[in-house]
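Colleague: Residue numbers (the working numbering), protein chains in the order written: chain A, 211 to 322; chain B, 2 to 111. The C-beta atom is built at its ideal place from N, Cα and C for all residues, glycine as well. For reference, the structure I am asking about is given below.
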């Protein structure tokens, strides 16, 4: 069974601080996505990374896919209260079943 | 912005009732998914479809059923709702690399 472990599970920081969220697996994924989810809503896609070693930036967010395509990180620079939410990573399986495996989630709270 | 819709957004229903959660997408995606999520927790895949007349069970055992008669429509049915079915149900569709979610249906079974 493929698993995606996210860390940390919970993070409470002050506005302006930097943070990194990690997503790790022993399995290889064909691509990996990061989402942010607000309470009572569906996850919103932030980014997809496909190539091992790929780095993508979305304003203050930087996403990296591990060289072996087994892990990923999300780095937020100068966090703002609007960044508060549940962050989820999801890996697309390589088995040809077109399924995604979701990480355990990181709940981020940014205090003003 | 993805065009994927779910109705109803909220549903409170008594034990034993039959319910259908609707999901529609206007993007022409072949692959569609249903996930179950408890508040603030990870998503669990309960059903997926590769295209019309194709449905598969996901990783989490579920008493629900799905159908895919049209590309754009992927409804989920619970024949007899129970309190253990109380959860948020999320529908999604995907391109090759990107998966888009609907807003979800929050189901409460009393």
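Can you name, in chain order, every residue of its own chain whose Cβ lies under 8 Å from the Cβ of residue 213(A), other than the five neighbours on each side?
Modeller: Within the first chain, residue 213(A) is the residue found at index 3, counting from 1. Contacts found: 235, 236, 237 and 311.
Colleague: Taking only the alpha-carbon atoms, compute the straight-line gap between residue 286(A) and residue 215(A) and give it to the nearest angstrom.
Modeller: In the first chain, counting from the first residue as 1, residue 286(A) sits at position 76. In the first chain, counting from the first residue as 1, residue 215(A) sits at position 5. Straight-line spacing of the CA atoms in residue 286(A) and residue 215(A) works out to 19 Å.
Colleague: In whole angstroms, what is the alpha-carbon distance linking residue 246(A) and residue 43(B)?
Modeller: Mapped onto the first chain, residue 246(A) falls at position 36. Mapped onto the second chain, residue 43(B) falls at position 42. If you take the alpha carbons of residue 246(A) and residue 43(B), they lie about 12 Å apart.
Colleague: List, in chain order, every chain B residue whose beta-carbon is nearer than 9 Å to that of residue 352(A).
Modeller: Residue 352(A) lies beyond the residue range present for chain A, which begins at 211 and ends at 322; the question has no answer from this structure.
Colleague: Tell me whether residue 285(A) sits in a helix, a strand or coil according to DSSP, three-state version.
Modeller: Here residue 285(A) is taken as the residue at index 75 of the first chain, counted from 1. Three-state result, residue 285(A): strand.
Colleague: Roughly how far, in whole angstroms, is the beta-carbon of residue 239(A) from the beta-carbon of residue 257(A), given that I think they are within contact range, below 8 Å?
Modeller: In the first chain, counting from the first residue as 1, residue 239(A) sits at position 29. In the first chain, counting from the first residue as 1, residue 257(A) sits at position 47. Not quite, the Cβ-Cβ distance comes to about 14 Å (not below 8 Å), so this is no contact.
Colleague: When the cut-off is 8 Å and only beta carbons count, does residue 241(A) lie next to chain B?
Modeller: Mapped onto the first chain, residue 241(A) falls at position 31. Yes, because at least one Cβ of chain B sits closer than 8 Å to the Cβ of residue 241(A).
Colleague: Output needed in chain order: residues of the stretch 3–36 of chain B with a Cβ under 7 Å from some Cβ in chain A.
Modeller: 32
Colleague: Over what stretch of residues does the beta strand (DSSP E) that includes residue 5(B) continue unbroken?
Modeller: Locating residue 5(B) in the second chain gives position 4, counting from the first residue. Looking at the DSSP string, the run of the beta strand (DSSP E) that includes residue 5(B) is 5–8.
Colleague: Does DSSP put residue 301(A) in a helix, a strand or coil?
Modeller: Mapped onto the first chain, residue 301(A) falls at position 91. Correct three-state label for residue 301(A): strand.
Colleague: Quick check on residue 304(A): buried or exposed, where buried means 16 or more other Cβ atoms within 10 Å of its Cβ?
Modeller: Position 94 of the first chain, counted from the start, is the residue given in the question as residue 304(A). Per the 10 Å Cβ criterion, exposed.
Colleague: Can you tell me the Cβ-Cβ gap for residue 322(A) and residue 225(A), rounded? I've got them flagged as a contact below 8 Å.
Modeller: Looking up residue 322(A) in the first chain gives position 112. Looking up residue 225(A) in the first chain gives position 15. The pair is a contact, with the Cβ atoms about 5 Å apart (cut-off 8 Å).
Colleague: Would residue 110(B) pass as a contact of residue 47(B) if the rule is Cβ separation under 8 Å?
Modeller: Locating residue 110(B) in the second chain gives position 109, counting from the first residue. Locating residue 47(B) in the second chain gives position 46, counting from the first residue. Cβ distance not < 8 Å, so residue 110(B) and residue 47(B) don't count as in contact.
Colleague: Using DSSP with H/G/I as helix, E/B as strand and the rest coil, what is residue 85(B)?
Modeller: One-based indexing of the second chain puts residue 85(B) at position 84. The three-state secondary structure of residue 85(B), taken from DSSP, is helix.
Colleague: Is the shortest distance between the beta-carbon of residue 315(A) and the beta-carbons of chain B less than 8 Å?
Modeller: Taking the first chain and counting its residues from 1, one reaches residue 315(A) at position 105. Cβ-Cβ to chain B under 8 Å: yes for residue 315(A).
Colleague: Is it a yes or a no for the stretch 69–76 of chain B touching the stretch 293–300 of chain A, going by three-plus beta-carbon pairs under 8 Å?
Modeller: no
Colleague: Could you check how far apart the C-beta atoms of residue 293(A) and residue 318(A) are, in whole angstroms? I think they sit under 8 Å.
Modeller: Position 83 of the first chain, counted from the first residue, corresponds to residue 293(A). Position 108 of the first chain, counted from the first residue, corresponds to residue 318(A). Indeed, because the Cβ distance is near 6 Å, the residues count as touching under 8 Å.
Colleague: Assuming residue 92(B) contacts residue 34(B) under a Cβ cut-off of 8 Å, what Cβ separation, rounded to an integer in Å, is found between them?
Modeller: The count along the second chain starts at 1 and reaches residue 92(B) at position 91. The count along the second chain starts at 1 and reaches residue 34(B) at position 33. Contact flag correct, Cβ pair sits at about 7 Å.
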